[in-house]
Amino acid sequence: MPVPLPESERNAHQLARLELLSALSPEALEALATEVEWLRVHAGEVVFHEGEAADSACFVLRGRLRASTESDGSQRVIGEIASGQPVGELGLLAGVARTATVRAVRDTDLIRLPRATLDTLLQSAPEVISNLVRVIATRAALSGRSVGDTVKTASTTVALVATDDRVDIRAVSDRLVRTLERHGAVLRWRSDGNPSQAAEALKETLDAHDRTASIAILEVRAPASDAAVAALRQADRILVLADADRAPGLGEVGPLLSTVSDYGCDPRVELVLLHPASRELPSNTRRRLAVWSFAAHHHVRKESAEDFDRLGRAVREEEIGLVLGGGGGRGMAHIGVWRAITEAGLPIDRIAGASVGAVIGAQVAAGWSSERMHTANRAEWSANRVVKRPAFPLYSLLSPAAGERMVERFFGDADLEDLWLPCQVATVDLTRCCLSIRDKGPVARWTLASATPPGIWPPVVDEDGALFVDGAVIDNLPVVPMKETGARHVIAVNVSRQSTFSAPPGTTDAPRLGAVVRQIPHTLRLPNFPSVLQTLNRTALVTGLAGHARARELCDLFVTPPVEHISLNDYGAIDDAVRLGYESARDTLAERADDLASWT
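Here the working numbering is used: the first residue of the sequence shown is 47, the next is one more, and so on.
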C-alpha cells in the first residue's frame with residue numbers, strides 16, 4: 047500500500063521540478079503543496095486498477111510507473127510514466143473509468159490530485175492545460191504501435207547478479223559497459239556501504255540518471271541484504287551471471303530473486319551463461335533454465351567482443367533478427383545470403399525459419415560458417431537423395447529416413463536452447479490445428495518437423511503424441527513471431543515467390559493412366575502436368591505464401607534471390623542457388639549500407 051512521504055520531502059520545491067507545473071508562481075506552488083497527497087509507492091505496488099472509477103490524477107516526482115491493459119488473460123504494456131510526468135489525468139478529465147492498470151516498476155514518489163484540486167488548478171493556470179494536451183496527444187500516438195513494437199523507456203536499469211562468488215561480476219560489467227558506452231552514457235553502481243544510505247542514494251541517482259535517456263548498470267552482490275534487495279527493486283532487467291561449466295543452480299541468487307518477487311516486482315530476469323572461448327557449442331542449457339522462470343537466456347564467451355556486443359544490443363533493445371523462409375531446393379540460397387551478411391559485418395542476434403529455412407537458420411544459430419553450410423548441405427541434401435526415397439503410401443509418399451539421419455548428423459543431440467543465437471522454428475501443430483513456434487527442445491526433431499511437407503513425409507510426433515508438419519503451411523516467412531520476440535530490426539529472406547503453376551492451355555483434366563503409358567515410349571517423358579508431389583508441395587504453400595505481404599510490411603530489409611527457376615525438389619542446384627543468394631543479398635546490403643550502419 048502507498049505510504050505518506052516524510053514531512054521533510056513535502057514542499058513547493060519538489061513541485062517546481064515538474065515541467066507541467068513549472069509555469070506556476072511560487073505562491074501557487076505553495077498553495078498546491080498543501081492540497082495534494084504526498085505518497086511513496088514501493089516497486090510492484092499498484093497505483094490504479096483498470097476499470098475502476100477515476101477520482102484523481104497523479105504526478106511522478108521520482109521513480110517510474112508502467113501502464114498495461116489485460117485482454118484474454120494476457121497483459122500488454124502500453125507505456126511507462128517517468129519522473130515529472132502525469133498519470134490518470136485522461137480518465138479524470140474525460141469522466142471515464144481507468145483505461146489501464148498502473149504499477150510502480152521501481153520505488154516511486156508521487157503526488158495525488160483529487161478531482162476538485164485538478165479542476166481548480168486548470169481554471170487558475172491555463173498554461174497547464176496546453177502541457178497536458180501535449181502529453182495526452184503523445185500517448186495517443188504511441189498507442190498505435192504495430193505488431194511486436196516494444197515500449198522503449200527513457201532509460202534502462204540493468205542489475206547484474208552472480209550465482210556464486212567465483213563468477214567475476216566486475217569483469218562482466220567492464221565488458222558490458224564498454225560496449226554500451228559506444229551508444230551513450232552509462233551509470234555504474236555497486237551495492238556496497240551502509241544499506242539504508244545506499245538504497246536512498248541509488249534512488250536519487252537513478253532519478254537524475256533517467257533524465258539522460260541512457261543505461262544504468264547495478265553490480266549487486268548476494269546474499270539478500272537490504273541494499274541488494276533495494277537495488278533489484280529498481281531494476282528493469284536482471285541479468286543472472288552463471289559459469290556454464292558449473293552445476294545448474296542459482297546459489298544465493300535464488301533467495302534474492304524470491305525476495306524481490308515477494309514485493310510484487312516483475313523485472314525481466316534473464317540468464318547469462320559464461321563460456322570459455324574454445325567452446326564449440328553449449329550443452330545442458332535446458333537444465334540450467336529449469337531453476338527459474340527466465341524470460342530469456344544468453345550464451346556469452348568470456349573473451350568474445352562479438353558476444354558482449356550482442357548482449358549489449360539485447361540490453362538496449364536493439365536486436366537484429368534474421369528470418370529465413372521455406373522453399374525446398376531454393377532455400378539453399380540462404381547460405382549465400384548468410385555469406386553476404388557476414389562479409390558485410392552485419393551482426394545477427396536472433397534467427398527464425400520455416401521449412402528448409404529452419405534447417406539453415408539452426409545452422410546459423412549454431413555458429414556455422416557459410417563455407418561449412420555449403421559443404422554439409424551439398425553432401426546431405428543432394429548426394430543422399432533426401433527427398434526422393436519412396437515409401438509404401440500408407441503414412442506418406444516418401445520415406446523420411448534419410449532426412450532424419452541428415453538432421454541428426456547436422457545437430458546431434460543439441461537442443462534449441464543450446465544454440466549460440468536464440469532460434470525459432472515454425473511448425474504446424476496438426477493436433478491443435480495451429481501454428482507452433484518452437485524455441486525449446488531437440489534441434490533435430492523440430493527442424494525436421496518444420497521441413498516435413500504434409501503427405502510427402504509422415505508428421506513428426508512430440509513426447510505427448512501431438513503431430514507436427516511443415517511450418518510453411520501457415521507461415522512460410524515467420525516475421526511476426528520474430529517481431530513478437532522484441533527484435534528491433536528484421537531482415538527477411540524470401541525464396542518462394544508466386545511462380546507459375548498451371549497445366550498446358552486447353553487441358554481439361556489430368557492425363558489418364560493409359561495415355562501416360564502410351565506417350566512415354568515415344569517422348570521418353572511424362573505429360574506436362576503437375577505430379578502428385580508438386581501438387582502437395584504447392585498446396586502446402588498456399589496459406590504460407592499469402593502472408594508474405596504482411597511479412598514484407600513488418601520487416602526492415604527484404605531480400606528476394608531470383609531462384610524461382612529452381613524447382614522445389616532440385617537440391618542438386620545448390621551451387622547456383624548459393625551464388626544467386628549471395629549476389630542478391632550483397633547488392634541489397636550495399637544499397638542500404640547507411641541504414642544498416644545505424645542499426646549497430
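Beta carbons: idealized from backbone N, C-alpha and C, even for Gly.
- At least 3 beta-carbon pairs within less than 8 Å: the region 155 to 170 vs the region 275 to 292: no
- Task: Enumerate, from N- to C-terminal direction, the unbroken beta strand (DSSP E) stretches of 3 or more residues contained entirely within the region 486 to 540.
- Result: 513 to 516, 535 to 539
- Task: Return the CA-CA distance between residue 398 and residue 369, expressed in angstroms with no decimal places.
- Result: Position 352 of the sequence shown holds residue 398. Position 323 of the sequence shown holds residue 369. Distance between the alpha carbons of residue 398 and residue 369 is about 5 Å.
- Residues near residue 489 in its chain [Cβ-Cβ closer than 6 Å; skip 5 each side]: Along the sequence shown, one-based indexing puts residue 489 at 443. Closer than 6 Å at the Cβ level, and outside the excluded window around residue 489, lie 408, 457, 460, 462.
- Query: Where does residue 340 sit, in a helix, a strand or coil, going by DSSP?
  - Reply: Taking the sequence shown and counting its residues from 1, the one referred to as residue 340 is at position 294. The answer is coil: DSSP assigns residue 340 none of H, G, I, E or B.
- Residues bridged to residue 600 (per DSSP): Sequence index remark: in the sequence shown, residue 600 carries index 554 (1-based). In the DSSP output, where bridge partners are listed per residue, residue 600 has none listed.
- Evaluate the contact criterion for the region 50 to 57 versus the region 66 to 86: three or more CB pairs, one atom per stretch, below 8 Å. With a cut-off of 8 Å, the region 66 to 86 and the region 50 to 57 count as touching, because enough Cβ pairs lie within range.
- Message: Taking the alpha carbon of residue 144 as the reference point, which residue from 115, 154, 150 has its own alpha carbon closest?
- Response: Counting from one through the sequence shown, the residue named residue 144 turns up at place 98. The shortest C-alpha separation from residue 144 is found at 115.
- Query: Which of helix, strand or coil does DSSP assign to residue 328?
  - Reply: Translated into positions along the sequence shown, residue 328 becomes position 282. Coil at residue 328, not helix or strand.
- Would a C-beta distance cut-off of 7 Å place residue 62 and residue 75 closer than the cut-off? Within the sequence shown, residue 62 is the residue found at index 16, counting from 1. Within the sequence shown, residue 75 is the residue found at index 29, counting from 1. One thing to note: residue 62 has its Cβ within 7 Å of the Cβ of residue 75.
- Output the distance between the C-alpha atoms of residue 390 and residue 634, rounded to the nearest integer angstrom. Here the question's residue 390 lines up with position 344 in the sequence shown. Here the question's residue 634 lines up with position 588 in the sequence shown. Each residue's Cα considered, the two are about 11 Å apart.
- Query: Smallest Cα separation from residue 135: which of 120, 177, 317, 119?
  - Reply: Taking the sequence shown and counting its residues from 1, the one referred to as residue 135 is at position 89. Distances from the CA of residue 135 to each of 120, 177, 317, 119 were compared; the closest alpha carbon is that of 177.
- Item | Any non-hydrogen atom of the ligand NAP within 6 Å of residue 416 CB | The model depicted lacks the ligand NAP and carries no ligand whatsoever.
- Item | Limits of the beta strand (DSSP E) - the one that residue 160 falls within | Residue mapping note: residue 160 aligns to position 114 of the sequence shown, counting from 1. Element bounds for residue 160: 154 to 160.
- Message: Measuring straight from C-alpha to C-alpha, what distance separates residue 183 and residue 483?
- Response: The residue given as residue 183 occupies position 137 in the sequence shown. The residue given as residue 483 occupies position 437 in the sequence shown. Each residue's alpha carbon lies about 37 Å from the other.
- Query: Which residue's Cα is closest to the Cα of residue 644: 173, 535, 474?
  - Reply: In the sequence shown, counting from the first residue as 1, residue 644 sits at position 598. Comparing Cα positions, the closest option is 535.
- Which residues in the same chain have their Cβ closer than 6 Å to the Cβ of residue 92, if we skip the five residues on either side of it in sequence? Numbered from its first residue, the sequence shown carries residue 92 at position 46. The beta carbon of residue 92 sits closer than 6 Å to the beta carbons of 149 from its chain, once the five residues preceding and following it are set aside; these are given in chain order.
- Inter-residue Cα distance where the pair is residue 197 and residue 68: On the sequence shown, position 151 is the one that residue 197 refers to. On the sequence shown, position 22 is the one that residue 68 refers to. Low confidence applies here, because residue 197 scores a pLDDT of 46, under 50, leaving its location unreliable and the question unanswered by this model.
- Message: Here's the rule: buried if 16 or more other CB atoms are within 10 angstroms of the residue's CB, otherwise exposed. What is residue 299?
- Response: As a working mapping, residue 299 is identified with position 253 in the sequence shown. Residue 299 comes out buried.
- Item | Status (buried if at least 16 other CB within 10 Å, exposed otherwise) for residue 282 | On the sequence shown, position 236 is the one that residue 282 refers to. With 16 or more other Cβ atoms within 10 Å, it is buried.
- So who's on the other strand from residue 286, going by DSSP bridges? Mapped onto the sequence shown, residue 286 falls at position 240. DSSP, once it has assigned bridges, lists 207, 317 as partnering residue 286.
- Using the Cα positions of residue 476 and residue 234, report the straight-line distance between them to the nearest angstrom. Translated into the one-based positions of the sequence shown, residue 476 becomes position 430. Translated into the one-based positions of the sequence shown, residue 234 becomes position 188. Looking at the two C-alpha atoms, the distance is approximately 50 Å.
- Query: Just to confirm, are residue 420 and residue 624 a CB contact at a threshold of 7 Å?
  - Reply: The sequence position of residue 420 within the sequence shown is 374, counting from 1. The sequence position of residue 624 within the sequence shown is 578, counting from 1. Their beta carbons are under 7 Å apart, which means residue 420 touches residue 624 by this criterion.
- Message: Please state the DSSP three-state secondary structure of residue 127.
- Response: As a working mapping, residue 127 is identified with position 81 in the sequence shown. Of the three classes helix, strand and coil, the one that applies to residue 127 here is strand, per DSSP.
- Would you kindly work out how many angstroms separate the C-alpha atoms of residue 494 and residue 480, rounded to a whole number? Here residue 494 corresponds to residue number 448 of the sequence shown, with the count starting at 1. Here residue 480 corresponds to residue number 434 of the sequence shown, with the count starting at 1. Answer to the nearest angstrom: the Cα atoms are 18 Å apart.
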